[in-house]
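For the first sequence, the working numbering gives the first residue as 7, with consecutive numbering after it.
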Amino acid sequence: MSILDELEWRGLLAQSTDRDALRRDLEAPEPLTLYCGFDPTASSLHAGHLIPLLTLRRFQEAGARPIVLAGGATGQIGDPRDVGERSLHSVDTVAEWAQRIRGQLERFVAFDDSPTGALVANNLDWTGGQGVLEFLRDVGKHFSVNVMLARETVKRRLAADGLSFTEFSYLLLQSQDYLELFRRYGCRLQIGGSDQWGNIVGGTDLIRRVEGATTHAMTLPLVTDSEGRKFGKSTGGGNIWLDPELTSPYAWYQYFVNVGDADVGRYLRMFTFLSREEIAALDEDTAERPHLRAGQKRLASELTTLVHGHHQTDQVIAASGALFGRGELGELAADTLTAAMAEVPTTDVALGEGTIVDLLVATGLVDSKGAARRAVKEGGAYVNNTKVADEEWQPSAADVLAGGWLVVRRGKRNLAGVRVKG
RNA sequence: GGCAGGUUGCCCGAGUGGCCAAAGGGAGCGGACUGUAAAUCCGUCGGCUUAGCCUACGAAGGUUCGAAUCCUUCACCUGCCA
Numbered sequence: 007m008s009i010l011d012e013l014e015w016r017g018l019l020a021q022s023t024d025r026d027a028l029r030r031d032l033e034a035p036e037p038l039t040l041y042c043g044f045d046p047t048a049s050s051l052h053a054g055h056l057i058p059l060l061t062l063r064r065f066q067e068a069g070a071r072p073i074v075l076a077g078g079a080t081g082q083i084g085d086p087r088d089v090g091e092r093s094l095h096s097v098d099t100v101a102e103w104a105q106r107i108r109g110q111l112e113r114f115v116a117f118d119d120s121p122t123g124a125l126v127a128n129n130l131d132w133t134g135g136q137g138v139l140e141f142l143r144d145v146g147k148h149f150s151v152n153v154m155l156a157r158e159t160v161k162r163r164l165a166a167d168g169l170s171f172t173e174f175s176y177l178l179l180q181s182q183d184y185l186e187l188f189r190r191y192g193c194r195l196q197i198g199g200s201d202q203w204g205n206i207v208g209g210t211d212l213i214r215r216v217e218g219a220t221t222h223a224m225t226l227p228l229v230t231d232s233e234g235r236k237f238g239k240s241t242g243g244g245n246i247w248l249d250p251e252l253t254s255p256y257a258w259y260q261y262f263v264n265v266g267d268a269d270v271g272r273y274l275r276m277f278t279f280l281s282r283e284e285i286a287a288l289d290e291d292t293a294e295r296p297h298l299r300a301g302q303k304r305l306a307s308e309l310t311t312l313v314h315g316h317h318q319t320d321q322v323i324a325a326s327g328a329l330f331g332r333g334e335l336g337e338l339a340a341d342t343l344t345a346a347m348a349e350v351p352t353t354d355v356a357l358g359e360g361t362i363v364d365l366l367v368a369t370g371l372v373d374s375k376g377a378a379r380r381a382v383k384e385g386g387a388y389v390n391n392t393k394v395a396d397e398e399w400q401p402s403a404a405d406v407l408a409g410g411w412l413v414v415r416r417g418k419r420n421l422a423g424v425r426v427k428g
């Protein structure tokens with residue numbers, strides 16, 4: 007099966023330029039070089055970035071050469087978005103983020119000396135020293151403002167609060183990147199999210215005008231759940247990050263374990279490298295034995311392994327089993343419980359030093375005492391899986407589990423550990 | 001530079017002197033149901049030493065017994081004009 011058929015089956019093809027021409031280029035003897043850019047808009051990539059990253063890897067495994075581009079330059083400008091003008095981050099901040107993101111990007115494709123060995127680039131390398139006049143004459147001259155104004159995002163922004171010249175110019179920078187990568191490495195395909203279509207074809211147009219060459223554009227669907235919500239937003243509303251300091255491996259695993267039945271099959275296709283047969287079997291499980299969540303568990307373990315490694319994955323699975331298992335927490339051995347607690351936030355407290363309200367705040371399960379009282383009043387506070395209904399409740403020696411732990415829970419699945427001192 | 005309009009809680013948005021910690025919607029959070037799912041329903045949604053107090057309606061100052069609401073100055077945004 008060709009890579010394009012594979013991508014189509016996985017639901018990863020949104021739009022593309024001449025598909026037959028692309029297919030021919032992919033089948034050519036020498037590997038096709040393709041790229042995808044990632045702007046440093048935060049200190050870490052998030053789950054949504056995995057789609058293009060993994061797609062680069064799929065291309066590489068199919069015999070193409072991927073370039074991952076860190077947007078050190080474009081990240082300083084900001085792609086126009088519907089919600090309004092971005093506030094600029096300092097040059098230093100963007101540079102630091104670009105550096106960190108670059109480290110994450112490098113983990114998803116293979117670097118070797120073969121013809122398909124991956125490359126990493128940073129567009130600051132060719133824009134950093136570029137002069138304005140040079141840019142305006144060499145790049146700007148090829149763009150029609152009329153066409154730029156017709157872009158959906160630009161139209162929406164003009165109808166709302168307008169947009170700065172800076173953001174309006176973003177298209178030119180990204181287009182120039184494609185041209186530069188075409189010149190340096192013969193890059194003939196750019197992929198990106200479906201919102202990148204305009205930016206990508208901007209590049210193919212520029213290359214055609216300047217170099218007289220035909221290159222390809224392809225976009226991947228914006229991943230949303232069955233409700234149309236943007237993928238990768240945690241239940242807390244924030245992004246789920248690849249950086250374990252921002253999203254713990256346990257939280258990462260839990261996010262995917264909780265994916266809805268209606269989405270899990272699609273996600274397995276898009277986010278994993280499992281075969282058609284394996285995915286078909288999991289689809290069947292989801293349809294016939296949904297309560298077992300075989301698909302969700304597989305999705306979660308595959309993605310946790312991909313991002314955090316086998317070792318971490320084993321640990322978070324064990325922790326999840328212990329904390330959500332059927333057994334009584336009191337029956338868990340000290341080392342099992344201690345290992346599980348290592349995956350969730352913990353804090354130290356001495357007996358007689360605080361009430362349930364203090365425990366909830368100390369563990370970070372709630373933001374304030376008011377919220378803690380509310381949680382208790384609403385019946386959403388638990389210690390060792392037993393609901394605590396009294397705000398003045400304090401743990402006693404009898405509550406302490408093996409290893410000196412109290413397991414504090416807020417709601418169904420927000421857990422934290424309290425280590426009892428003394 | 002001139003004129004006009006705008007700046008409200010996580011987001012959108014109502015509110016033109018007291019009844020405003022601020023309508024309504026969304027998001028979030030909790031509960032019930034269930035499968036650590038979806039949908040639905042109910043509740044909740046600034047902070048604290050919680051019958052009270054503090055902080056808050058772009059910023060600072062002022063008028064008033066009392067201001068998100070009135071006045072002054074400043075900042076920023078949008079539009080029109082130069």
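Idealized CB from N, CA, C, for every residue including glycine. Note that the structure is predicted; figures quoted are calculated from it, not measured.
C-alpha of Ser175 to C-alpha of Arg29: approximately 32 Å in a straight line. Residue pairing from DSSP places Met224 in a beta bridge opposite Ser22, Ile197. When C-beta atoms of the region 244-255 are compared with those of the region 177-184, fewer than three pairs fall below 8 Å, so the two segments do not count as touching. Contact check between the region 195-210 and the region 140-148: fewer than three CB pairs, one atom from each, fall below 8 Å, which does not count as touching.
Non-local beta-carbon contacts of Val406 in its own chain, meaning distances under 6 Å to residues more than five positions away in sequence, involve Val426 in chain order. One thing to note: Leu343 has its Cβ no nearer than 9 Å to the Cβ of Trp399. By the neighbour-count criterion, in which 16 or more other beta carbons inside 10 Å mark a residue as buried, Trp103 falls on the buried side.
Looking at the DSSP output, Trp411 sits in a beta bridge with Leu407, Arg425. Sequence-distant partners of Val350 (beyond 5 residues in either direction) whose C-beta falls short of 7 Å from its own C-beta, in its chain, are Tyr256, Leu421, Ala422, Gly423. For the 9 Å CB-CB criterion, Leu365 and Ala377 do not form a contact. Residues Tyr388, Leu421 of the same chain have their beta carbon placed closer than 6 Å to that of Arg415, with the five preceding and five following residues left out of the count. Beta-bridge analysis with DSSP links Pro72 to Leu40. The alpha-carbon separation between Gly134 and Leu75 amounts to approximately 15 Å. Only buried fits Ser307, as 16 or more other CB atoms lie within 10 angstroms of its CB. Using a Cβ-Cβ distance cut-off of 8 Å, the region 70-84 and the region 211-225 are not in contact, since fewer than three pairs of beta carbons, one from each stretch, lie closer than that value.
Only buried fits Gly43, as 16 or more other CB atoms lie within 10 angstroms of its CB.
When the Cα atoms are used, Glu36 and Gly192 turn out to be separated by approximately 11 Å.
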